[in-house]
Amino acid sequence: MQENLSGSNSTGSDPSMFFLSGIPGLEAMHIWISIPFCSMLIVAFLGNCTLLYVIKAEPSLHKPMFYFLAMLAFIDLVSCTTTTPKTLSIFWFNSREISFNACLVQMFFLHSSFDMESGVLVAMAFDRYVAICNPLRYTSILTNSVIAKIGLAALARTVLISVPVFFLLSRLPFCQSHIISHCYCEHLAVLKLACGNTWFNNIFGIFATLFTVGLDLMLITLSYLKILKTVLCLVSKEEQLKAIGTCVSHICAIFMVYIPVVLTSILHSVYFVFPPMMNPIVYGVKTKQIRDRVHLLFRGKNF
47 MQENLSGSNS TGSDPSMFFL SGIPGLEAMH IWISIPFCSM LIVAFLGNCT LLYVIKAEPS
107 LHKPMFYFLA MLAFIDLVSC TTTTPKTLSI FWFNSREISF NACLVQMFFL HSSFDMESGV
167 LVAMAFDRYV AICNPLRYTS ILTNSVIAKI GLAALARTVL ISVPVFFLLS RLPFCQSHII
227 SHCYCEHLAV LKLACGNTWF NNIFGIFATL FTVGLDLMLI TLSYLKILKT VLCLVSKEEQ
287 LKAIGTCVSH ICAIFMVYIP VVLTSILHSV YFVFPPMMNP IVYGVKTKQI RDRVHLLFRG
347 KNF
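Printed below as a string of structure tokens:
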């Protein structure tokens, strides 16, 4: 395998083909690692599809929180199906080649889905803020048109951030090794292979990270500080616990999305299938309406 990959080092400046190494150092274990990967992909796909169906089919779930949850489920489907099939083809068939254009497309959907998911998590934090801090104005503030505008704003930000990143990358020459030390095409891993001046790419990448992850984490933190302040002002401890309980699922989702970003190669690979797998489970377990409807669905009863 190493000999085949080594042969890609002399491909000159033609970036028509890259080679994915899989998980470095664990090549001999790929077939065994594929078992949990495949299982998580199946759970993620079925879980998010079920979540979308239940939210669409049940009129009582046609509320702002569940609309945002449906957005999250759709993004999770895009996220896990962008990288995991190629990862499994590496594990099962040693299919490591990927064309430059296919690599760019995979990178675009991979990073865009993360940026979009981060934006939706901000919207969900705003939803919890309005529900707890301004409950009487909840339905008047989060109307269907406002929800649609929030979704479109998150999408517009994702496109404006993502498109320049990959346009800049596509213009660079590649005269070094074409081996990517990942199971998928990740922006920084591909950028390291370029032999041109990557200064502007690096600067724009830092700006994009600050404008998405940095800004979103700040907004989520501010929302929860205001929520916490409101909750502590409640007289009844039961009311405090009830208010906090409505935020638990969202807080779990935040940790599942952001924590894996800082982990190393194998956990970095797991990130793109782990949150999509866990989000429908967490929200299904913590949300009574969804839990009841899923129970009826699998019992074969009509909604």
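Per the working numbering, the very first residue in the sequence shown carries number 47; after that it's consecutive.
Positions of the beta carbon are idealized from the N, C-alpha and C atoms, including for glycine.
Within the model, the alpha-carbon separation for residue 338 versus residue 298 is close to 21 Å.
Membership of residue 170 in the alpha helix (DSSP H) is indicated by the continuous run 146-179.
In this structure, 146 is the residue among 195, 146, 164, 278 with its C-alpha nearest to the C-alpha of residue 217.
In the structure shown, residue 188 falls within a coil segment according to DSSP collapsed to helix, strand and coil.
Burial is judged here by how many other beta carbons sit within 10 angstroms of a residue's own beta carbon; residue 344 has fewer than 16 and is exposed. Rounded to whole angstroms, the gap between the alpha carbons of residue 173 and residue 138 is 43 Å.
Three or more Cβ pairs closer than 8 Å define a contact, and the segment 179-196 falls short of that threshold against the segment 93-102. For residue 66, the enclosing beta strand (DSSP E) starts and ends at 63-66. The three-state reading of DSSP puts residue 226 in strand, counting E and B together. By alpha-carbon distance to residue 83, the top candidate from 62, 136, 104 is 136. From the listed residues 71, 193, 285, the smallest Cα separation to residue 110 is found for 193. Judged by beta-carbon spacing, residue 124 lies beyond the 7 Å limit of residue 80, meaning their Cβ atoms are not closer than that value.
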